[in-house]
Structures are given as structure tokens and as C-alpha cells.
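Below you'll find the structure, written out as C-alpha cells, and then a few comments.
Residue numbers (UniProt numbering): 1 to 646.
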């Protein structure tokens, strides 16, 4: 069943055409993504479909019985009610039905009712029908559904009675999303719903939307999220909309193939056009060939020539370099406590950062990830613990709040004032690489959009040539193309990276290590985001099995009643887990062996051995590696002993 049909839609703002001849269709249970550059018209199209913006011409068809729910970007609930009471406003009809059921039950409990058999039969029939309708409408589960969705959006029972006016902007946005999900419209329209969501909440939302019993039309810059949720992609580009089957990755593959095909067709057409123009130019003035030239000119004028597949869209073009290389030890964090003078957010934090590491810092919202970065770059003081920086370490810091930008300055002076020795042409060229051209450089920083501020902050970061980049949500406000350019620049960067990001696609491309932060400390995983998820699940499974083993020892009677087949099954499962853990440890021990061999070889070099300070530094690193190796050996021995006992 079609829930939405858009035919030949046109929309302009004064002289600028935003959408031209747009066609789009959404069927029941479709998961559709709208993608495109910032400013391409994605949000405009959603607002038009949701009835919040007019359009010039065309047709939007939504069946009468289809309920549409729309969540615009940066939307939030403004209410005097508590969280729970606000959610209950969705179910006012069910609550009225429930109240009617209770009233009927009271009437049925009255002994006098049995004296009038006709009235009793009428009340019973009404009660049965109402109870049936109440059940079908979800009357017996709406409170459980509400608790489930609120929990997914990180609102817990202790939060339910909080007044909404006391919540932050991000919390109100999450609550608006929760309310829309609970209303269960037939067509769910979401504009950037992943903003303000941490990785845990994003994962929950993906699972919820996959099982959603309705159609979804969504704009998002989160590529991992799109890959998990959508099955159809519409690209908004150059006022047109093109349809691609599959998720975001499939769309990229198909788009690349189409680009190669269109480029060849365009080049052939341009060759043909050039030949016609040359013929006309040479033969128009000659009497013997004038008619032929005029005929060719008519062909030239009437032919609908292809536009260049490259288009006139500009992309940022930048890379990060370093002024000088740091030592092998970049950062050491020991027993660190972070927070503010009146409140500690996280403690027992430990971290080792080595040259050319790419470390992603993850954890739920509010755990202190941004605070840790600000503590490392010395924007705020540590409450306790030790932070040591390596030799020649130069830190470049990207603040997601852009607090380092001067809001009253023009864009040009934001860079020029910090690098006054460069001439204006060089500054303009650098800004041009970040899509600031012409009058854009005269805009004040305060008037810039979120994406423009992000690009300006990246321009300043590039010019610093730091060898240790500390980045707090660098992909926020960037469109998909800009994200890819940033990723490629960071992949080629010869220095060290420590970054916070909720963009799992970005983490997978960049990170070589993941550090998970909690209120009680930090834990390091050697791999990208997918490895982190897999390893974390494995560790949780092992922890659950250990807990089960403890419970098993304390409840012998339960153990004795367990069947032999179940015991064998558990043993085989445990054996597989142990073998995977042994294989993982052996890989890590192998990597450590290689590093140890390199350092030991360096210590044998007379040039290094004569340098006392360098020798001590290498010996210290070597001792740390050997200590890690011994820890892995102990774990390896324990696991092998357990394997032999199975």
C-alpha cells in the first residue's frame, strides 16, 4: 500500500530553485533515506511533505487514513508537565476507555444489577466490547511500551517525575523523539534524529526502527545508522531527486557506477558538440556549405545536452600535516579523576597514547568524554591523578562547541590575526579550500551555520600543524561529503589522534584502538568499533558465565537436576569462547613481541646506547611492553588450564 506519493514537485525561494520535478514514493513498511549535501533541499522536502511548508506546484498524495508523524531537526518538547505525564497525553483516549471499564466493573459489582436481567445483559455486552477494543488498541501494554521507549532514550524511572522545563535542549529533543515513536504514526518522518544520541541510544533506535510497523522517511548524516535501517535511498542533488535500491553503502556503489557511465556519455556528447561547433564555425560563411552549417546549427540548438556529472558543487579540500615529529610516548594518564570542583564525573582513568595511535573515546552521554579531552588539553584542571606529555608533543584541539572561535570577528580575520605573517591571498586560498570564497570571508563568525563553523575550526586546526590532534565530535554539522573528506585527511595524517565521536562509520574508518570511558574508569580495546562491540559482548558473556558458575557452586541441587545434554552444550560453548580468547591473546602477544624486538635492537645500537636520556626512555617503554606481555602470558596459561579441564 502506498502511504506517500510526490509527483512533479517544484519549490523556489525567490530566484533560487530548490526542488524541480521531484518524484518520490513510499510504501507501507518502507525504510527510506533522503541524502545529499547541506543546503540541497532535504529538510525543505520533508517540511513540504509534513505540511509545514508550501510548494509552488506539483502533487503530494497521502491517503486520508494515513497518520503522519514529523520530527524536525533540533525539535524539542516545551511543556509544564513531567516526563511521564507528557508521555501519557498520547494515550488520553485509552485512559478514558480504561476509566469507563472501571465504572462498568463497579456497576457489575453492585448486587442490585442482578435483579434487572436486561440491564445486566446490556452492561455485560458493553463491557465485553469495550474490553476487546481496549485490548486491540494496546490498552494493556501502553505503559510498558512507554517505559521501554523512555529507557531506550535514556530516561529512567527516577526521571519520570522531572518537569520537562528542567531538561537540557538535547534531553528535550530525545523526549520529542520518544513521544513521536510512542504515537506510532503510519508514516514516520525524521529529520536528523541521531543528533544528541550516544552510541548506546543509537543502537537501541536502530533496533526499534527495524521492527517498526509503519513506513519511515528519514534524513541522517549517520552512515552506520543508514546502513542498518534503510532499504531505499533518494539522493537530492541539483534540485532533482534520484532513487537507489539498498542501504547507504549500496547507494554509494551504485552512484559510483552511474558516475563512470555518465562521465563517458558526457565526454562523448561534448566531443560531438565540439565537432558540430567546429563545422559550423568553418562552413557558415562559405556559400557552398552555408545550408549544411545552418542545418547543423539547428541540431546543436535543439539537442538537449547532458550536464557535467561533476556539476558545480564544490567540496572542501584539505589535509593535516605536522611541523615536527613527537617522541614515541605521546601521553600517559594514570589514576585520573575528572569533573568539576563540586562533582567528580569519572575516576580511575588510565591511558597510554603512542605515536601514530588513532584512539576513539566512547561511552554514554554524561560520562565525561568531553571533560576528559578538555582536561588533557588543560582547558580544565584534573581533580586527581597524573597526566604526562611526551617529548615534542604539540596538541591541536577541536572543540565541538567551537568556543575557540571569536564570534565578533570576520572569517578572514579569524585566521589572519593568528597568522599575521601570511599575506591576504594565502589566507583566502586556505579559506577557499574550506568553501569560504568571495563575500563569505567577510561574514562574522557569529553569523555562520554549524557546518560553516565546523569547517572554519578545521581550517585553524590544519594551519597549526600539530602532531597530536584531540578532536571532540569533529563530524558534527558536516554533510556526508565533508565527513568523507575529513576521514581521508585523518587517515593520511602522520601524527597521533585521540577523538570522541558518536559516528560509528567514522570510528571504523579511523580508529586503531577504542577506549571505553565509564564513571569508574576506562578500558582499552585493540581494534575498530566493530571489534570493540564484538569483544565487549564476548567479555560480557564471559562475565555472565563466571557469575553463572558461582551460582552453580552455591546451588548444587539445581546443578544436579540439569541434564547431561545441556551440560555438554555449555561445555562446548565455553570451549569455543576460550579458544577465541586464546587466539586473541596470542595475536596481541605476537604484536608485543615485535615491538619488544624493535626496542631491544635499538638498545644494541651504539649511537642510541651512548645517549643516556634516550636509552632510559626506550628502556622504560620496553619494561611497559614486557609487563603487558607477562599479563597476557598469565591469562593465556589460565585459559589453557581451564581448557584442559573441560
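Just so you know, even glycine gets a beta-carbon here, dropped at the ideal spot from N, CA and C.
Cβ pair count under 8 Å reaching 3, the region 509-525 against the region 360-376: yes
To which residues of the same chain is residue 162 closer than 7 Å at the C-beta, ignoring the five residues directly before and after it? 82 and 83
CA-to-CA distance, residue 359 to residue 402, given in whole angstroms: 22 Å
How long is the line joining the alpha carbons of residue 652 and residue 248, rounded to whole angstroms? No information on residue 652 is available, as it lies outside the stretch 1 to 646 that the chain covers here.
CA-to-CA distance, residue 579 to residue 357, given in whole angstroms: About 28 Å.
Three-state secondary structure assigned by DSSP to residue 350: Looking at residue 350 - three-state DSSP - the assignment turns out to be strand.
Just how far apart, CA to CA, sit residue 463 and residue 67? 51 Å
What beta strand (DSSP E) runs, 3 residues minimum, are completely inside the region 6-33? Here the runs fully enclosed are 16-27.
For residue 153, is the classification buried or exposed, using 16 other Cβ atoms within 10 angstroms of its Cβ as the cut-off for buried? Looking at its Cβ environment, which holds 16 or more other Cβ atoms inside 10 Å, residue 153 is buried.
So, is residue 228 buried or exposed, given that buried needs 16 or more other C-beta atoms within 10 angstroms? Counting every other CB atom within 10 Å of its CB across the protein chains shown gives residue 228 a total of 16 or more, marking it as buried.
Between 607, 573, 16 and 530, which has its C-alpha nearest residue 544's C-alpha? Considering only alpha carbons, the answer is 573.
Indicate the three-state DSSP secondary structure (helix, strand or coil) for residue 332 in the structure shown. Correct three-state label for residue 332: strand.
What does a CB cutoff of less than 6 Å around residue 181 pick up in its chain, not counting 5 residues either side in sequence? 149
Is the beta carbon of residue 496 closer than 8 Å to that of residue 231? no
Quick one: complete alpha helix (DSSP H) runs, 4+ long, within the region 259-333? 290-302
Tell me whether residue 42 is buried or exposed, calling it buried when 16 or more other Cβ atoms sit within 10 Å of its Cβ. The residue in question, residue 42, is buried, as its Cβ has 16 or more Cβ neighbours within 10 Å.
Can you say whether residue 474 is buried or exposed, counting buried as having 16 or more other CB atoms within 10 angstroms of its CB? With 16 or more other Cβ atoms inside 10 Å of its own Cβ, residue 474 counts as buried.
Write down the C-beta distance between residue 9 and residue 22 rounded to the nearest angstrom, noting that I regard them as a contact closer than 8 Å. 4 Å
In its own chain, which residues sit with a C-beta less than 6 Å from the C-beta of residue 72, not counting the 5 before and 5 after it? 191
Look up residue 606 in the DSSP assignment and say whether it is helix, strand or coil. helix
Buried/exposed call for residue 211, threshold 16 Cβ in 10 Å: exposed
Mapping DSSP to helix, strand and coil, what is residue 170? helix
Classify residue 331: buried if its beta carbon has 16 or more other beta carbons within 10 angstroms, exposed otherwise. buried
Residue 68 (DSSP reduced to helix, strand or coil): strand
Whether or not the region 504-514 and the region 208-225 are in contact is what I'm after, with contact meaning three or more pairs of Cβ atoms, one per stretch, closer than 8 Å; do they touch? yes
Can you tell me whether residue 386 is helix, strand or coil according to DSSP? strand
Taking C-beta to C-beta, are residue 631 and residue 347 nearer than 8 Å? no
Candidates 34, 490, 64 and 19: which alpha carbon is nearest residue 53's? 19
Check for me: the beta strand (DSSP E) holding residue 229 runs from which residue to which? Segment 223-229 is the alpha helix (DSSP H) holding residue 229; no beta strand (DSSP E) there.
Between residue 50 and the rest of its own chain, which residues show a CB-CB distance below 7 Å, the 5 nearest in sequence each way excluded? 68, 70 and 189
Which value, in whole angstroms, describes the spacing of the CA atoms of residue 80 and residue 165? The straight-line gap from Cα to Cα measures roughly 6 Å.
Any alpha helix (DSSP H) of 4 or more consecutive residues that is wholly inside the region 178-239: 199-210 and 223-229
Let me check understanding here. Comparing Cα to Cα, which of 434, 529, 500 and 187 lies closest to residue 653? Because the chain is modelled from 1 through 646, residue 653 falls outside the range shown and cannot be assessed.
Would you mind sorting residue 430 into buried or exposed? The rule is 16 or more other CB atoms within 10 Å of its CB. buried
Under the DSSP definition of a beta bridge, which residues are partnered with residue 450? Answer by DSSP bridge pairing: none, since residue 450 is not bridged.
Taking the straight line between their C-alpha atoms, what separation do you get for residue 203 and residue 373? Each residue's Cα considered, the two are about 24 Å apart.
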